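Participant:
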Amino acid sequence: MRLSRFFIDAPLSLGIHALPEASAHYISRVLRLSAGAAVQLFDGSGDEYRGELAEVGKKHVNVELREQLRGLPEPMLRIHLGQGLSRGERMDWAIQKATELGATEITPVVSERCEVRLKDERADKRLVHWRQIAISACEQCGRSIIPIIHPPTPLYEWLAIDAELKLVLHPVAEPLSAHQPPATLAFLIGPEGGLTDAEVEQARLSGFRPARLGPRVLRTETAPVVALSLAQQLWGDF
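If you're matching positions, the sequence shown starts at 36 in the working numbering and goes up one per residue.
#1: Do L88 and F41 come within 8 Å of each other at the CB atom, strictly closer than that value?
#2: Residue ranges of each beta strand (DSSP E) run of no fewer than 3 residues wholly in the segment 137 to 206, ordered along the chain?
#3: Less than 8 Å between the C-beta atoms of H95 and T142, yes or no?
#4: Terminal residues of the continuous beta strand (DSSP E) containing R85?
#5: Taking the straight line between their C-alpha atoms, what separation do you get for S121 and A138?
#6: Which runs of the alpha helix (DSSP H) at least 4 residues long sit entirely within the segment 210 to 240? Give them in chain order.
#7: Just verifying my parser: in three-state terms, what is the DSSP assignment at L263?
#8: Could you give the DSSP three-state label for L269: helix, strand or coil?
#9: Check whether the Cβ atoms of P274 and T134 lie closer than 8 Å to each other.
#10: Candidates S241, E56, L265 and S171: which alpha carbon is nearest S212's?
#11: In this structure, does DSSP put R105 in helix, strand or coil?
#12: According to DSSP, what are the bridge partners of L76?
#13: Does the segment 144 to 158 touch the segment 117 to 132, meaning 3 or more C-beta pairs lie closer than 8 Å?
#14: By how many angstroms is the C-alpha of L190 removed from the C-alpha of V145?
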């Protein structure tokens, strides 16, 4: 039977730990686990810890960790996804699936046709929300290291990223298979309205090479799923 996996945002070690309030509430009040339930915890270090719930109260949960083991290795191909900022569930979906598909870093990119504008406190709240989306995806898919979720960044700033291969999706271009295998990959995907011709040209001048995924135009939340799947198939761990 598969163990319940939980991310704990604090360093873990063998022994008894009192879980943070939010984790304790979820385990005791939402999942309704009781003392003796087997669990597996991870803290983002790459290690995982197996044990069981030692004490479960209404407001506190203690866990006894008895075994330390190496977590799931990260993909050899390090992918930084620059995802055009989109509305609500579309952005959540893109971050969730990019996490499941092994993206190392994800940056919401603000371009001319973005329909969403986030500032100050609202941007901070969305960043916390997106990180929780990534954490939940890691708990589900088995990743032991949480991808870095960067704050929304203007396109012209993100284009300065350093990667061995930098690609921007474009309907008239060579397929991914035409490129040599990289160790690091930056993938730029436009928002719901797409990138403008000027932005594509700006990406080209910044070292990005056009790439196409097929004959059909994909939605902004579908494109990263297809792009990362193909990249992992060609050069990663699929």
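We put the beta carbon where it would ideally sit given N, CA and C, even for glycine.
What you are looking at is a predicted structure, and each value in this text was computed from that prediction instead of being measured.
Facilitator: Here's the rundown:
#1: Within the sequence shown, the letter at position 6 stands for residue 41. Within the sequence shown, the letter at position 53 stands for residue 88. In this structure, L88 does not lie closer than 8 Å to F41 by Cβ.
#2: You should have 140 to 145 and 200 to 204.
#3: Counted from its first residue, the sequence shown places residue 95 at position 60. Counted from its first residue, the sequence shown places residue 142 at position 107. Against a cut-off of 8 Å, the Cβ pair of T142 and H95 comes out as no contact.
#4: Position 50 of the sequence shown, counted from the first residue, corresponds to residue 85. Its beta strand (DSSP E) spans residues D82 to V91.
#5: If you number the sequence shown from 1, residue 121 lands on position 86. If you number the sequence shown from 1, residue 138 lands on position 103. If I take the Cα positions, the gap works out to 18 Å.
#6: 232 to 240, all fully within the segment 210 to 240.
#7: Here residue 263 corresponds to residue number 228 of the sequence shown, with the count starting at 1. Of the three classes helix, strand and coil, the one that applies to L263 here is helix, per DSSP.
#8: Taking the sequence shown and counting its residues from 1, one reaches residue 269 at position 234. Three-state DSSP puts L269 in a helix.
#9: Any answer about residue 274 is impossible in this case: the structure gives the chain only from 36 up to 273.
#10: The residue you call residue 212 lines up with position 177 of the sequence shown. The option with the nearest alpha carbon to S212 is L265.
#11: Counted from its first residue, the sequence shown places residue 105 at position 70. Assignment of R105 by DSSP, reduced to helix, strand and coil, places it in the strand class.
#12: The residue given as residue 76 occupies position 41 in the sequence shown. Partner(s): F41 and Y84.
#13: With the cut-off at 8 Å, the segment 117 to 132 and the segment 144 to 158 touch.
#14: Counted from its first residue, the sequence shown places residue 145 at position 110. Counted from its first residue, the sequence shown places residue 190 at position 155. Distance from the CA of V145 to the CA of L190, rounded to the nearest whole angstrom, comes to 6 Å.
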